[in-house]
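Structure record follows, encoded as structure tokens.
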Amino acid sequence: MTAEPAVLASQSQEILNYFGRCPRCHYPARAYLVTTVFADGKHAVATLAICDLTCGWSGPAPLTTMTPVPRPKQPAAQRESIIAARRVPPRPPR
Ligand SMILES: [Zn+2]
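Going letter by letter, the sequence shown gives residues 0 to 93 in numbering that gives the first Met the number 0.
In structure tokens form, the structure reads like this:
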């Protein structure tokens, strides 16, 4: 068996625009973005939801947020190819 790499650091940050609910009591849950840094330099990012009531539920959170995550802008190379495709080919001589 291969040993799991040692955890160097673990940081959790509350997702303020999370609006998911607890699957047990349907009370609004809190969600945290948990970033774990391993000794081999790898990062693991997971979302963890915790019930805001005292039912004690916690689990992986589907990212249900009110504000959508901004999409990365299209790379310039792709825009160039769209412009190139729109270019009209030269007319054949009559
Ligand atoms: Zn609950």
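Virtual Cβ for every residue (Gly too), placed ideally from N, Cα, C. All values derive from a computational prediction rather than experimental measurement.
- If you look at residue 55, you'll find it isn't in any beta strand (DSSP E); DSSP assigns it neither H nor E.
- Distances taken from the Cβ of residue 26 to the heavy atoms of ligand 1 include one shorter than 7 Å.
- The nearest non-hydrogen atom of ligand 1 is 7 Å or more from the C-beta of residue 29.
- In this structure residue 8 is not in contact with residue 19, their Cβ atoms being roughly 26 Å apart against a cut-off of 8 Å.
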